[in-house]
Amino acid sequence: MTTKPFAHAIVDDKGLPGLRIDGGLVVAHTHLYSALARGMPPAVPVPGSFLEILQRVWWRLDRALDRDSLAASARWGLAEAVGRGATCVIDHHESPAFIEGSLDVIADAMQDLGVRGVVAYGITARNFGTEEWRAGLAENLRFLKTNRRPLVRGLVGIHATFTLPDQALREAAQLARDFGVGLHVHVAEDKMDADALPRLAAADALVPGSVFAHGVHAKPSEVQQAAERGVWWVHNPRSNAMNRVGFAELSAAGERVALGTDGMDGDMLAEARAAMQLSNATGHSLDPLARLRAGQALALALFGELDDATELSYAPPSPLHAGNVGGHLLFGHPRVSAVQVAGRRIAVDRAVLAEEVQPQAARLWQIMAPLQPEPEHGLLLQRLQS
Ligand SMILES: [Zn+2]
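Start counting at 1 in the sequence shown, then tack on 1271, and there's your number in our numbering.
In structure tokens:
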């Protein structure tokens, strides 16, 4: 069997040389809600551990979100991803002060722009306990029941097992099964979440079609077990490096490992390049194009069919053929010239959009400024038990 090359040479509408990626570029795990965090004032004191990064940065940002700032974040995050060649964005969302209806805001931004997308509300008990995870679960249910957007699908989101009781994991898995969809959950991103897989397995939450992000501290046997049950793993190498949580060795999952940007910038070619560099730097090996292909396979599994493509403007300075297209793609820094989703070309003017979303970013930072981080981990645990 011959595998089709990941990209092939084309001549574009203007007669210029380029590359075309049939099936497009898929961001298999990200957080559109964090798109307006760029340049935000740094957290003081500077967070050290992974939990402190969550408490002092992301769990303050997500509590500051409302409908308008979320809409602006989603529009900007999607525009940026499309501008960097993405055809499908798989989002994991949390906005504790604006839960009901939040998935519609993101899904509308996807459908309006014309990009393929998948949404999920990451349920958690970290802010206000049982009532909170129940409200998150209700939002997943509401969305799965009502969504009719041709370009958008839903999964059932779980923040991470360490901010939830077992009962919530069981109910989320049941909801996913009821709708024939998977879960979308952070799994063993840091040492503190190393028991995620055993807890998910015990809660019967290895639901086929699920998206498990990270897996940095999952055991190879656990990674393999989940993949054999039909779970997709998503490796987020740049985010893992930035958060100093380690390198995710996920080869035990075989071909069921895609790549995600985890909220960074929607740039999948940059992510694939970093995946290769970071795997080499840590003594592992990884095929970046195979991981991008896995993203396409995941999107295909979610949507049934794809008529998507990413076109890049690129003049090769050396011979280009099926066997070396990866080198040109990852190290030639080709510029995105066209993005096609469901047979339609998407256009977005980022300069105009940037002006529109800036006031929302300023307002979001202002709301966030006085919010206090969780004082200690003990409080989080108390809430889980409440
Ligand atoms: Zn994430």
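Glycine is no exception: its CB is placed at the ideal position from the N, C-alpha and C atoms.
- DSSP, reduced to helix, strand and coil, places Ala1396 outside both helices and strands of the structure shown, so it counts as coil.
- With a cutoff of 9 Å on beta-carbon distance, Phe1483 and Leu1446 are scored as not near each other.
- The residues Ala1350, Val1353, Gly1354 and Leu1384, in chain order, have a CB closer than 7 Å to that of Val1619 in the same chain once the five nearest residues on each side in sequence are set aside.
- Of the residues Leu1573, Glu1460 and Glu1499, the one whose Cα lies closest to the Cα of Ala1472 is Glu1499.
- Rounded to whole angstroms, Pro1644 and Asp1464 show a C-alpha spacing of 20 Å.
- In this structure, Asp1536 has its CB at a distance of at least 8 Å from all heavy atoms of ligand 1.
- The beta carbon of Thr1532 lies closer than 6 Å to those of Val1298, Thr1301 and Glu1542 in the same chain, with the five residues before and after it left out.
- For Trp1503, the enclosing beta strand (DSSP E) begins and ends at Trp1503 to His1506.
- In the same chain as Pro1318, and ignoring 5 residues on each side of it, the C-beta atoms closer than 7 Å to its own belong to Ile1324, Arg1327 and Val1328, in chain order.
- When secondary structure is reduced to three states using DSSP, Leu1349 falls in the helix class.
- Taking a cut-off of 8 Å on C-beta distances, the stretch 1573-1585 does not touch the stretch 1514-1523, as fewer than three cross pairs fall below it.
- If the five residues before and after Leu1635 are omitted, its C-beta is found closer than 6 Å to the C-beta atoms of Leu1307, Ala1335 and Ser1340, all from its own chain and listed in chain order.
- A distance below 8 Å between beta-carbons, with the five flanking residues on each side excluded, links Ser1492 to the following residues of its chain, in chain order: Ala1523.
- Val1456 places its beta carbon less than 9 Å from that of His1430.
- In the three-state reduction of the DSSP assignment, Gln1611 falls in the strand class.
- The three-state reading of DSSP puts Val1315 in coil, since its state is none of H, G, I, E or B.
- For the pair of segments examined, the stretch 1600-1618 was found to touch the stretch 1381-1400: the number of CB pairs separated by less than 8 Å reaches three.
- The DSSP-derived three-state label of Leu1336 is coil.
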